[in-house]
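Residue 7 is where the sequence shown starts when you use this note's numbering, and the numbers rise one by one after that.
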Amino acid sequence: VQLQACGGGLVQPGGSLRLSCAASGAASFDYYAIGWHRQAPGKQRELVAAITNDGRTNYADSVKGRFTISRDNAKVTVNLQMNSLKPEDTAVYYCNALNVHTLQGVWGQGTQVTVSS
């Protein structure tokens, strides 16, 4: 499977962005759990939100209530809706796909999110 992330950009504090992660080359997208991770300058990459192959979700405490992850298996896409953005959300965001049967994972390229006035 290959992943293509998009949707990043510059937004003011309190604003919203929607990131998308499109998959290609997967025999069956619903074999994959998908996670959105982010890495800010000088910091370790951290998991922001994840959705299992059967639709269960998990969020980092720092984004609960503000971010929503969703998947559309027909469109082989996972979206991350980010609301009430804060400057500390500034980072490069990456999506990751984990095959729940083989436990093999793959990363997409990052997309920059900058929250600044």
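We put the CB at the ideal spot given by N, CA and C, even for glycine.
For clarity, every value in this text was computed on a predicted model and none was experimentally measured.
Nearest Cα to A46 within the set P93, V106, V17 and M88: P93. Measuring C-alpha to C-alpha distances from N102 to each of V119, C27 and A32 identifies C27 as the nearest. For D60, the secondary structure class from DSSP, reduced to helix, strand or coil, is coil.
Rounded to the nearest angstrom, the gap between the Cα atoms of I57 and T120 is 24 Å. Residue burial is scored here from C-beta neighbours: H107 has fewer than 16 other C-beta atoms within 10 angstroms and is therefore classed as exposed. In the three-state DSSP reduction, D36 falls in the helix class (H, G or I).
Per DSSP, the unbroken beta strand (DSSP E) holding L86 starts and ends at T83 to M88. Following the DSSP letters along the chain, one finds L16 inside the beta strand (DSSP E) bounded by residues G15 to V17. Just so you know, the alpha carbons of D60 and V7 end up roughly 18 Å apart. In the structure shown, the three-state DSSP call for D78 is strand. Scanning W42, S76, K70 and A80 for the CA closest to the CA of S34 turns up A80. Counting only the Cα atoms, S123 lies some 40 Å from A32.
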